[in-house]
Amino acid sequence: MAKKKMAKKEKQEFTPGAVVTKPGSSKKYHTGDWRTFRPVINQEKCIKCYLCWQYCPDSAIKIDEKTGKVYVDYTYCKGCLICMHQCPAKAIEKEVEKK
Ligand code: SF4
Ligand code: SF4
Numbered sequence: 030m031a032k033k034k035m036a037k038k039e040k041q042e043f044t045p046g047a048v049v050t051k052p053g054s055s056k057k058y059h060t061g062d063w064r065t066f067r068p069v070i071n072q073e074k075c076i077k078c079y080l081c082w083q084y085c086p087d088s089a090i091k092i093d094e095k096t097g098k099v100y101v102d103y104t105y106c107k108g109c110l111i112c113m114h115q116c117p118a119k120a121i122e123k124e125v126e127k128k
């Protein structure tokens, strides 16, 4: 009986085919919780080319409108390090996440 109830609950949590039914729902999922490595930006080396901003698959690189500096939104950064590999100035380093 309990197994049946649980199966019913699980069905309610996912849409058929995992279809996204509401726009912007990814904001609810804090992908930063998955991270093993965290990218750290060295502002002194950064040349503000914004390649990291363009390549980040989670839109986790932000640009400060006043200063033009880039920074990481660690709530959504999943630690894939694509930004680090794309940075032409080697301004992004990885650190082991300490959570
Ligand atoms: S590590 Fe990945 S998710 Fe995080 S800021 Fe860089 S490109 Fe985006
Ligand atoms: S890719 Fe590197 S140099 Fe370019 S904006 Fe990002 S951190 Fe700065």
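Each residue of the sequence shown is one higher than the one before, counting from 30 in our numbering. Think of the CB as a built atom: it goes at the ideal place given N, C-alpha and C, for glycine as much as any other residue.
In three-state DSSP terms, what is residue i?
i, result
"residue 76", "coil"
"residue 45", "helix"
"residue 91", "strand"
"residue 100", "strand"
"residue 50", "coil"
"residue 84", "helix"
"residue 57", "helix"
Report the rounded CA-to-CA distance for residue i versus residue j, giving the unit in angstroms.
i, j, result
"residue 80", "residue 90", "10 Å"
"residue 115", "residue 85", "10 Å"
"residue 78", "residue 128", "31 Å"
"residue 46", "residue 58", "18 Å"
In the DSSP assignment, what residue or residues form a beta bridge with residue i?
i, result
"residue 67", "124"
At a cut-off of 6 Å, is residue i close to ligand 2 when judged by its beta-carbon and the heavy atoms of the ligand?
i, result
"residue 80", "yes"
"residue 85", "no"
Tell me the residue span of the alpha helix (DSSP H) that contains residue i.
i, result
"residue 112", "111-115"
Run the proximity test for residue i: is its beta-carbon closer than 6 Å to any non-hydrogen atom belonging to ligand 1?
i, result
"residue 108", "yes"
"residue 112", "yes"
"residue 117", "no"
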